[in-house]
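Q: Just remember that the numbering used here sits 11 ahead of the position in the sequence shown, which is counted from 1. The beta carbon of each residue, even a glycine, is placed where N, CA and C say it ideally should be. All figures in this text were calculated on a predicted structure; none of them were measured in a lab.
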Amino acid sequence: MPYFPAVDKVRYEGPDSDSPLAFRHYDADKLILGKPMREHLRMAACYWHTFVWPGADMFGVGTFKRPWQGSGDPLELAIGKAEAAFEFFSKLGIDYYSFHDTDVAPEGSSLKEYRDNFAQMIDQLERHQEQTGIKLLWGTANCFSNPRFGRGRQQSGP
12 MPYFPAVDKV RYEGPDSDSP LAFRHYDADK LILGKPMREH LRMAACYWHT FVWPGADMFG
72 VGTFKRPWQG SGDPLELAIG KAEAAFEFFS KLGIDYYSFH DTDVAPEGSS LKEYRDNFAQ
132 MIDQLERHQE QTGIKLLWGT ANCFSNPRFG RGRQQSGP
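1. If you draw a straight line from the alpha carbon of A152 to that of T113, how long is it in whole angstroms?
2. Any contact of the segment 85 to 98 with the segment 132 to 151, i.e. 3+ C-beta pairs under 8 Å?
3. Taking the beta strand (DSSP E) that S156 falls in, what are its first and last residues?
4. Identify which residue in R159, G161, Y108 has its Cα closest to the Cα of W59.
5. Report back the beta-carbon spacing between I43 and H36 to the nearest angstrom; my notes put them in contact at under 8 Å.
6. With F110 as the anchor, note down where its beta strand (DSSP E) starts and where it stops.
7. Among the residues of its own chain, which have a CB less than 7 Å from the CB of S28, if the five just before and after it don't count?
8. Mind reading off the beta-carbon distance from M54 to I105? Whole number of angstroms is fine, and I expect it under 8 Å.
9. Starting from A55 and walking both ways along the beta strand (DSSP E), at which residues does that stretch end?
10. Does the beta-carbon of N157 have 16 or more other beta-carbons within 10 angstroms, so that it is buried, or is it exposed?
11. Quick one: measure Cβ to Cβ for K102 and V21, integer angstroms, because I've assumed they're closer than 8 Å.
The following block contains the structure:
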């Protein structure tokens, strides 16, 4: 299911373009010092900032209404979020993305459920990477959002 059907692939159109969905200065294939611009500027999208953040500030609640942030089965919503993310990444023509573990997979109610969810989402992400050629720049653990990390990651264990 397309999440952004009204948006075509964003392309370089030059500095005189009046399109709000065009690159004016970033030309991925333009050679600079013998390398394409995409190798000098390794464009990446951060999963949390583009697909997890609810549009809130410190004084209010989230303002975004996105299909993957609704109610329903958390794992199914995460799968939909991954589909939307890779559609978005592809339309931007970026080569890399990054995430925290809990950006891509629901925590669940136990460590086992978290591990199962994360393993299923890794399979989903790998499939999308193979289909699109988009690579993971970095993935890391979110050791700061859950209150259990209030005293820091190293102080949170038994």
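A: Once the coordinates are examined:
1. Taking the sequence shown and counting its residues from 1, one reaches residue 152 at position 141. Taking the sequence shown and counting its residues from 1, one reaches residue 113 at position 102. For A152 and T113, the distance between alpha carbons rounds to 7 Å.
2. The segment 85 to 98 is in contact with the segment 132 to 151.
3. As a position in the sequence shown, residue 156 is number 145, starting the count at 1. That residue, S156, is in no beta strand (DSSP E); it is neither H nor E in DSSP.
4. Translated into positions along the sequence shown, residue 59 becomes position 48. Out of R159, G161, Y108, Y108 has the C-alpha closest to the C-alpha of W59.
5. For the purposes of this step, residue 43 is taken as the residue at position 32 of the sequence shown. For the purposes of this step, residue 36 is taken as the residue at position 25 of the sequence shown. Taking the Cβ atoms as the reference, I43 lies roughly 12 Å from H36, outside the contact range of under 8 Å.
6. Within the sequence shown, numbered from 1, the residue matching residue 110 stands at position 99. Run containing F110: 107 to 111, per the beta strand (DSSP E) assignment.
7. On the sequence shown, position 17 is the one that residue 28 refers to. Taking S28 as the centre and dropping the five residues before and after it, the same chain places the C-beta of R35 closer than 7 Å to its C-beta, in chain order.
8. For the purposes of this step, residue 54 is identified with residue 43 of the sequence shown, where counting begins at 1. For the purposes of this step, residue 105 is identified with residue 94 of the sequence shown, where counting begins at 1. The pair is a contact, with the Cβ atoms about 4 Å apart (cut-off 8 Å).
9. The residue you call residue 55 lines up with position 44 of the sequence shown. Counting along the chain, the beta strand (DSSP E) containing A55 begins and ends at 55 to 57.
10. Stepping through the sequence shown from its first residue, residue 157 is reached at position 146. That one is exposed.
11. Within the sequence shown, residue 102 is the residue found at index 91, counting from 1. Within the sequence shown, residue 21 is the residue found at index 10, counting from 1. So it is a contact: roughly 6 Å between Cβ atoms.
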